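Worksheet for the structure shown next.
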Amino acid sequence: MVKNEWRSLGEAQFTCKMRALTVPLRKWHKDNFRYMDKKLLQFEEEITRLDKLVSDGIYDGTTEARRKALMSRSKHAANMDKNIRYFHNIASARRRNNRIDALMIHERLVRNQARIKGVIRAFYKDLYRQEYVSRIGVRDGLVKRIQREEAEALEVMPSAEEIWEAVWGCESSKAPGSDGYNMNFIKKC
Numbered sequence: 000m001v002k003n004e005w006r007s008l009g010e011a012q013f014t015c016k017m018r019a020l021t022v023p024l025r026k027w028h029k030d031n032f033r034y035m036d037k038k039l040l041q042f043e044e045e046i047t048r049l050d051k052l053v054s055d056g057i058y059d060g061t062t063e064a065r066r067k068a069l070m071s072r073s074k075h076a077a078n079m080d081k082n083i084r085y086f087h088n089i090a091s092a093r094r095r096n097n098r099i100d101a102l103m104i105h106e107r108l109v110r111n112q113a114r115i116k117g118v119i120r121a122f123y124k125d126l127y128r129q130e131y132v133s134r135i136g137v138r139d140g141l142v143k144r145i146q147r148e149e150a151e152a153l154e155v156m157p158s159a160e161e162i163w164e165a166v167w168g169c170e171s172s173k174a175p176g177s178d179g180y181n182m183n184f185i186k187k188c
């Protein structure tokens with residue numbers, strides 16, 4: 000059910016999909032768990048009826064098998080109901096503990112949720128904003144200009160010996176790029 004609902008929403012945002020799932024999940028829960036107490040009571044009544052049949056001497060293998068199946072289902076249903084209630088209580092407690100009911104803003108206690116959200120959002124925007132940093136370039140005069148001969152020497156292609164020394168001077172287990180080929184592979188080629 001969840002998979003079909005999720006796919007029917009297409010490319011919607013995750014939060015929108017989660018919100019849209021609440022209605023079908025609530026319906027599914029009501030359809031499956033609304034009458035849990037009545038189901039448990041029916042299981043117990045049928046178990047009692049089967050016990051009475053056995054005590055009256057009406058006993059066969061199917062009666063015992065049915066009794067065991069009902070016992071198992073009633074225990075499972077009772078435990079499942081307890082588990083759901085337990086985890087629901089934990090989630091509710093966590094939600095209560097994580098909620099910010101009041102916040103000190105400029106030495107004043109504020110309880111307005113909209114104001115609290117705005118202040119928290121502004122705090123994190125300010126915390127993670129990118130500050131402007133002036134970039135200093137080569138032409139700004141802070142870096143010494145190199146001579147023409149030095150510039151031409153930097154543009155000369157390396158010799159085969161220089162390449163060989165550079166490759167064989169690297170550790171074999173290191174990879175020079177993101178392609179995953181390490182220097183050992185390059186050395187063998």
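Read in numbering that gives the first Met the number 0, the sequence shown has 99 at position 100, and its numbers run on one by one without any break. Using N, Cα and C, we set each Cβ at its ideal position, and we do this for glycine too. These figures come from a predicted structure and were not determined experimentally.
Buried or exposed, going by whether 16 or more other CB atoms sit within 10 Å of the CB of residue i?
i, result
"PHE42", "buried"
Could you tell me the alpha carbon to alpha carbon distance between residue i and residue j, rounded to whole angstroms?
i, j, result
"ARG65", "ASP50", "11 Å"
"SER132", "ARG25", "Contrary to the premise, residue 132 reads as Val rather than Ser in this sequence. Roughly 52 Å between the two C-alpha positions."
"ARG128", "ARG147", "42 Å"
"ARG94", "ASP30", "26 Å"
"ILE145", "ASP178", "35 Å"
"ALA165", "PRO175", "12 Å"
Whose C-alpha, out of the options, is nearest the C-alpha of residue i?
i, options, result
"MET0", "HIS28, ASP125, THR14", "HIS28"
"VAL118", "GLN129, ILE99, SER71", "ILE99"
"CYS169", "SER177, TYR131, PHE184, ASP178", "PHE184"
"GLU44", "THR21, MET70, ARG33, TYR34", "MET70"
"ILE115", "LYS124, LEU126, MET103", "MET103"
"THR21", "ASP36, PHE32, TRP5, ARG33", "TRP5"
"MET171", "SER177, LYS186, SER158", "Checking the sequence, you will find Ser at residue 171 rather than Met. The shortest C-alpha separation from SER171 is found at LYS186."
For residue i, which residues from the same chain have a beta carbon less than 7 Å from its beta carbon, with the 5 sequence-adjacent residues on both sides left out?
i, result
"SER54", "none"
"ARG110", "ASP100, ALA101"
For residue i, which residues of its own chain have a beta-carbon under 8 Å away from its beta-carbon, when the five flanking residues on both sides are left out?
i, result
"CYS15", "LEU8"
"MET17", "none"
Taking residue i as part of the beta strand (DSSP E), name the residues at either end of that continuous run.
i, result
"ARG107", "107–109"
"LEU102", "102–104"
I want to check one thing, is the minimum distance from the CB of residue i to the heavy atoms of the ligand FMN below 8 Å?
i, result
"PRO175", "You won't find the ligand FMN in this model; it holds no ligand whatsoever."
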